[in-house]
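Structure record follows, encoded as structure tokens.
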Amino acid sequence: MPLLEFETKKDYVFRHVKQKILDRQYEPCHRLKFRQLVQEFGTSEIPVREAINQLASSGLLTITPHVGAITTPVSSQDLREIFEIRSALEELATRRAAEHLTPETLDETMC
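If you want my numbering, it's the 1-based position in the sequence shown plus 5.
Right, here's the structure in full:
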């Protein structure tokens, strides 16, 4: 992922690490090594530290003294809530799409 034109280094690190967490490239309870992130992003410690703090504030990381930043595991309650929200959104999207369905568009999708 390239650095966007108006993106700070902290925002870039945040976006990149967040995506890795969401893509499960970092498993739950994975310890992020601070120095490794500094080297990976080729930046100073400050943007990495700020990004880690922002990820912790958003709940994606847990910072433990003398241990460091660890990816926060997803609880079964979190999963239930995620699937409930997705289900509601998919239902809404289907309903909204059906409102715009015409016989012509239906014929187009059937072929």
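Glycine is no exception: its CB is placed at the ideal position from the N, C-alpha and C atoms. Treat the numbers as computed from the prediction; the structure is a model and nothing was measured.
Distance, residue j Cα to residue i Cα
| i | j | result |
| --- | --- | --- |
| Lys14 | Thr48 | 8 Å |
| Ile90 | Ser62 | 22 Å |
| Glu12 | Thr67 | 25 Å |
| Gln30 | His71 | 24 Å |
| Leu97 | Asp28 | 25 Å |
| Val22 | Val43 | 12 Å |
| Leu94 | Ala103 | 14 Å |
| Glu109 | Ser81 | 44 Å |
Buried or exposed by the 16-neighbour rule on C-beta atoms within 10 Å, applied to residue i
| i | result |
| --- | --- |
| Ala74 | buried |
| Thr76 | buried |
| Leu106 | exposed |
| Pro52 | buried |
Residue i in three-state terms, based on DSSP
| i | result |
| --- | --- |
| Thr69 | strand |
| Phe11 | coil |
Does the pairing of the stretch 54-72 with the stretch 18-28 give three or more beta-carbon distances under 8 Å?
yes
Kindly provide the ranges of any beta strand (DSSP E) runs that are 3 or more residues long and lie completely inside the stretch 22-107, ordered along the chain.
66-69 and 73-76
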